[in-house]
Amino acid sequence: MNPTVITRRAALGQLGALLAAGLWPGTLRAQSKPTGAGAVRFAVLNDFHHDSIACDAWFEKLFQSVGAHGRLAFVAGLGDLANAGKPESLAAIKRLAAALLGPFYTVPGNHDNDVEETTRIYAEVFPGRLNYSWTEAGWQFVALDTTDGKKWGDTRIGDATFAWLKSELPKLDPKKPTVVLTHFPLGAGVKYRPLNAEAVLECFLDFNLRGAFSGHYHAQTAVAYRGIEVVTNACCARVRENHDGTKAKGYFVANGTPEGTLTREFVPFAG
Numbered sequence: 053m054n055p056t057v058i059t060r061r062a063a064l065g066q067l068g069a070l071l072a073a074g075l076w077p078g079t080l081r082a083q084s085k086p087t088g089a090g091a092v093r094f095a096v097l098n099d100f101h102h103d104s105i106a107c108d109a110w111f112e113k114l115f116q117s118v119g120a121h122g123r124l125a126f127v128a129g130l131g132d133l134a135n136a137g138k139p140e141s142l143a144a145i146k147r148l149a150a151a152l153l154g155p156f157y158t159v160p161g162n163h164d165n166d167v168e169e170t171t172r173i174y175a176e177v178f179p180g181r182l183n184y185s186w187t188e189a190g191w192q193f194v195a196l197d198t199t200d201g202k203k204w205g206d207t208r209i210g211d212a213t214f215a216w217l218k219s220e221l222p223k224l225d226p227k228k229p230t231v232v233l234t235h236f237p238l239g240a241g242v243k244y245r246p247l248n249a250e251a252v253l254e255c256f257l258d259f260n261l262r263g264a265f266s267g268h269y270h271a272q273t274a275v276a277y278r279g280i281e282v283v284t285n286a287c288c289a290r291v292r293e294n295h296d297g298t299k300a301k302g303y304f305v306a307n308g309t310p311e312g313t314l315t316r317e318f319v320p321f322a323g
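In terms of my numbering, the sequence shown opens at residue 53 and continues consecutively.
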């Protein structure tokens with residue numbers, strides 16, 4: 053019996069075909085073994101831009117709208133909670149969310165860093181909410197700080213975030229369906245994508261990555277990435293508009309199934 057010799061070029065070609073079909077290592081591993089995942093439902097909001105006490109009524113109504121969906125495992129707030137980084141704006145969003153929502157998981161946005169050009173003020177109001185992960189119904193959620201001071205364009209995700217990924221991802225289960233949550237967009241070609249965003253996605257090559265949600269670019273975008281969609285959404289702000297000229301503001305309600313399928317529905321909000 054003569055063994056079949058596979059050249060490096062052929063091997064790379066076969067790997068490329070698998071990746072193009074969405075059959076990358078983490079997904080193949082999850083398909084071959086049970087993940088123990090259940091159904092999960094959650095909401096994703098981005099770009100709040102709370103500016104003053106005049107915004108409180110807007111966010112009360114917004115959070116009431118989100119809460120009316122019922123049975124949400126959590127709500128994610130993907131940065132720019134404050135319009136100008138003021139601690140009182142960050143505190144207002146935290147207070148209103150605590151009163152009207154269930155678990156509220158946030159990441160910082162560049163405008164949350166406006167005062168000092170660091171995440172210090174944000175982290176004082178939202179301790180433990182820079183780089184972290186949690187599990188709901190067998191689904192893994194990874195929230196990341198993708199800010200670069202207060203810069204809004206031509207940014208780079210910081211070393212601290214990559215150090216956290218290197219340290220903490222090995223503690224997670226690569227077979228479980230996994231979702232990434234960031235402020236800055238991760239999808240290729242999306243406006244304001246950090247210069248090193250691809251390096252974040254590559255950290256999840258061996259994971260059963262099912263989706264990624266981001267903000268910053270106030271518009272609905274969806275970029276295909278190895279069998280999943282990497283998305284952004286319209287803003288939730290009273291004092292800001294969408295970047296693509298669309299009028300509808302709102303948020304996503306997402307549903308994950310035991311089979312690892314992730315879907316989302318846009319819910320418009322007009323105040």
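All residues carry an ideal CB built from backbone N, CA and C; glycine is no exception.
Within 8 Å, strictly: CB atoms of residue i and residue j
i	j	result
F94	V118	no
D103	V291	yes
W204	G308	no
Y277	P237	no
G201	T170	yes
T273	G297	no
G161	L133	yes
E293	V305	no
L217	C255	yes
K138	V167	yes
L148	F115	yes
G279	A89	no
Nearest residue (CA-CA) to residue i, options the options
i	options	result
T158	A109, N183, G210 and G312	N183
T199	Q192, R208 and W191	R208
S266	V252, V232 and H295	V232
H121	H163, V96 and E140	V96
Y174	W186, V194, A136 and K228	A136
P229	G302, K218 and R262	R262
P310	K227, P160 and N285	K227
W186	L224, L152 and H163	L224
G129	A289, K138 and P246	A289
D197	K243, D164 and F259	D164
L124	A144, S219 and A189	A189
K243	H295, D258 and F178	H295
G358	L148, F178 and A151	Since the displayed the chain opens at 53 and closes at 323, residue 358 lies outside it and no answer follows.
K299	I280, V282 and G323	G323
Residue i (DSSP reduced to helix, strand or coil)
i	result
P86	Interpretation of P86 is limited by its pLDDT of 47, a score under 50 that renders its predicted location unreliable; no figure is taken from the coordinates.
V118	helix
F94	strand
P353	The shown model of the chain, from 53 to 323, leaves out residue 353, and the question about it has no answer.
R123	coil
E169	coil
F111	helix
H163	helix
G151	Before going on, a small fix: residue 151 reads as Ala here, not Gly. Reduced to three states, the DSSP call for A151 is helix.
A128	strand
A322	coil
A306	strand
Heavy atom of the ligand SAH within 7 Å of residue i beta-carbon
i	result
A150	In the structure shown, the ligand SAH is absent, as is every other ligand, since no ligand is present at all.
Report yes or no: do the segment 208-218 and the segment 107-115 share at least 3 C-beta pairs separated by less than 8 Å?
no
What residue ranges within the segment 175-225 form continuous beta strand (DSSP E) runs of no fewer than 3 residues, ordered along the chain?
184-188 and 191-195
Sequence ranges, beta strand (DSSP E) only - wholly within the segment 231-301, length at least 3
260-266, 273-277 and 280-284
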